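See below for the structure under consideration.
In full-length UniProt numbering, the protein residues as written are 1 to 413.
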């Protein structure tokens, strides 16, 4: 429990930071591995040294608690741009910014132009890092906002990918130019099979339209994995520590990159053959081994009877409405309970038949559908249905369901 005097002290410190803009601004180079050129600088913002809010996490957590996140975010943005190092040859400044700030009309229409007017920076030189995606209230609305910024020539980077539950939503629904893989995935990836599989999956989902940046490289072994996976760029203390002005990239790092690239090129033919074989193998992975049983009920079953099925098995997430062995819809437990939990929900719905309550547009796929195709179809569903069960058929007859969790896990092994 934090003592009241400490709480008051942190509030006072936050107020002083906002009033005096007393922030610590650091910049860390991002290096394109193929050319070994610096393609930009990542901005790292902290509170005053030796203060309670010195760390970025403590600073922003306190701002959230005091409902000053928007004020702090704009203060950090201004400070980072004003002290920005000279950018040459297409280099970019990566700067973290909160979703709430980007959707704020005053920032978009007034504050942004005002601060850019005080610098020599152009929108094409700035990349907005989207980190705290759990604050996004409407994914479709936020995607539209990001599209507007992209039209204004600002870049978009999804930051800390691999850290949180919102990553799949971000990769599937938001427009972006860069994907920064979280340091917790990169650090120690050399001898961690699960981390390597997660990296492969995230890169595959991101596709070829975005540049992948590996953050947090701390050893030559981890670097070798990044290069072997054709990751575009790297960042971390192994290259150069954060500084202001930015520190030069280590010559030792550059020589290691050059050596590892040479090794990779000499084994290119083998690597291509191995990749082709892996892709062919992946194409043979179908939904059938992932199918699990789920209760099937007739369309005329009452909602109260369906509710009893869920109550009898708390682990059950959904039941499939089937007639003559042909699936016609899906009842997800959480959606049913939401409707029953509304005012007059029980009296309105409990006596109805499940065919009136089912999702008649539920995703139904054949058992021989590849897991990659199934994942694409699942992620293309409406936001509220992405994690619904997938109904699986064989010769058009119902055989079971596949959960999104099982589907994703199958792509990681």
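Using N, Cα and C, we set each Cβ at its ideal position, and we do this for glycine too.
It should be emphasised that the depicted structure is a prediction, and the values quoted were computed from it without experimental measurement.
Residues sharing a beta bridge with residue i, DSSP
i           : result
residue 16  : The partner list for residue 16 (beta bridge, DSSP) is empty, contrary to what the question assumes.
residue 332 : 318
residue 151 : Partner(s): none; residue 151 has no beta bridge.
residue 215 : 235
residue 178 : 157 and 211
residue 243 : 27
residue 297 : 321
8 Å Cβ shell around residue i - same chain, five flanking residues per side excluded
i           : result
residue 318 : 294, 330, 331, 332, 333, 388, 389 and 401
residue 135 : 98, 99 and 100
residue 156 : 127, 128, 130, 146, 149, 150, 174, 175, 176, 177 and 178
residue 103 : 141, 142 and 145
residue 419 : The requested residue 419 is not part of the displayed model; the chain covers only 1 to 413.
residue 339 : 345, 349 and 357
residue 309 : 295, 297, 316 and 319
residue 83  : 25 and 244
Where residue i sits in the DSSP three-state scheme
i           : result
residue 31  : strand
residue 107 : helix
residue 128 : strand
residue 118 : coil
residue 327 : strand
residue 137 : coil
residue 159 : strand
residue 26  : strand
residue 249 : coil
residue 286 : strand
residue 292 : strand
residue 411 : coil
residue 256 : helix
residue 164 : coil
residue 142 : helix
residue 262 : helix
residue 113 : helix
residue 9   : helix
residue 278 : Low confidence applies here, because residue 278 scores a pLDDT of 47, under 50, leaving its location unreliable; read the following figure in that light. Three-state DSSP puts residue 278 in a helix.
residue 341 : coil
Contacting residues, own chain, Cβ-Cβ under 7 Å from residue i (five flanking each side not counted)
i           : result
residue 411 : 201, 371 and 375
residue 81  : 115, 119 and 121
residue 409 : none
residue 10  : 52, 53 and 62
residue 111 : 74
residue 21  : 75 and 79
residue 277 : Reliability fails at residue 277, whose pLDDT of 43 lies under 50, so the model's placement of it is uncertain and no value is given.
residue 392 : 287, 291, 365, 367, 399, 400, 401 and 402
residue 7   : none
residue 253 : 238 and 239
residue 159 : 96, 129, 130, 131 and 180
residue 125 : 87, 92 and 93
Contact set for residue i: own chain, Cβ-Cβ below 6 Å, skip 5 residues either direction
i           : result
residue 395 : none
residue 54  : 46 and 47
residue 231 : 212 and 214
residue 225 : 189 and 190
residue 96  : 129 and 131
residue 167 : 161
Delimiting residues of the alpha helix (DSSP H) encompassing residue i
i           : result
residue 184 : 183 to 186
residue 171 : 167 to 173
residue 198 : 193 to 206
residue 312 : 303 to 312
residue 222 : 220 to 228
Length-filtered (3 minimum) beta strand (DSSP E) runs lying within the stretch 36 to 103: Runs of the beta strand (DSSP E) lying entirely within the stretch 36 to 103, each at least 3 residues long, are 37 to 46 and 92 to 96 in chain order.
To test your reading of the DSSP string, which unbroken beta strand (DSSP E) runs of 3 or more residues are found completely within the stretch 349 to 405? For the stretch 349 to 405, whole beta strand (DSSP E) runs of length 3 or above, ordered along the chain, are 364 to 366, 390 to 394 and 397 to 402.
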